[in-house]
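Trainee:
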Amino acid sequence: MIKTKLIIIMLLISGLLFYTLASLFKTDEPVTDMLLSLIVVTLFYKVFFKDKKD
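Residue 1 is where the sequence shown starts when you use our numbering, and the numbers rise one by one after that.
1) Using the C-alpha atoms, what's the distance from Asp33 back to Leu11?
2) Rounded to whole angstroms, what is the Cα-Cα separation between Phe49 and Ser37?
3) Applying the 10 Å Cβ sphere with the 16-neighbour rule, what's the burial state of Ser14?
4) Check the C-beta distance from Ile16 over to Val40 and give it rounded, since I have them as a contact under 8 Å.
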């Protein structure tokens, strides 16, 4: 339950960051928007939820 809440918060934060990034770069292409958001989400996941498999 705690992990799901953290993931939701992470997604909201990454969404806000992505919105600011999109407004900075002004990309009108949905594909690049999706790629950028995926990269941001994966970076957040690696930073906040460091895998124990390391």
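For every residue, glycine included, the Cβ atom is placed at its ideal position computed from N, Cα and C.
Mentor: Let's see:
1) Going from the Cα of Leu11 to the Cα of Asp33 covers about 15 Å.
2) About 17 Å.
3) It counts as buried.
4) In the sequence as displayed, the identity of residue 16 is Leu instead of Ile. Approximately 10 Å separates the beta-carbon atoms of Leu16 and Val40; this is outside 8 Å, ruling out the contact.
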